[in-house]
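Residue numbers (this note's numbering): 652 to 734.
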């Protein structure tokens with residue numbers, strides 16, 4: 652049981668790191684904007700802080716709903732805060 656808990660903590664840290672990198676590099680914005688404008692050209696010289704707000708609450712609700720349908724949504728009470 653201890654090794655499973657340790658593994659879950661490492662996965663949680665890894666996913667948190669991936670999400671932060673995606674936000675920092677504007678990846679989430681690109682996914683959302685590509686859905687709305689498939690002909691968008693990505694410019695790697697664009698700084699992440701120059702990109703518009705990543706996702707609206709409505710977009711997040713849609714993504715959350717799809718994640719629940721697909722089985723990859725994690726309820727907030729399932730995630731513990733690590734020291």
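Yeah, the Cβ is synthetic: ideal placement off N, Cα and C, and Gly gets one too.
These numbers come from a predicted model, not from an experiment.
With distances taken between CA atoms, residue 721 lies nearest to 713 out of 727, 713, 679.
Per the coordinates, the alpha-carbon of residue 660 lies some 24 Å from the alpha-carbon of residue 676. Here residue 665 is exposed: its Cβ has fewer than 16 other Cβ atoms, across all protein chains shown, within 10 Å.
Excluding sequence positions up to five before and after residue 662, its CB lies less than 6 Å from no other CB in the same chain.
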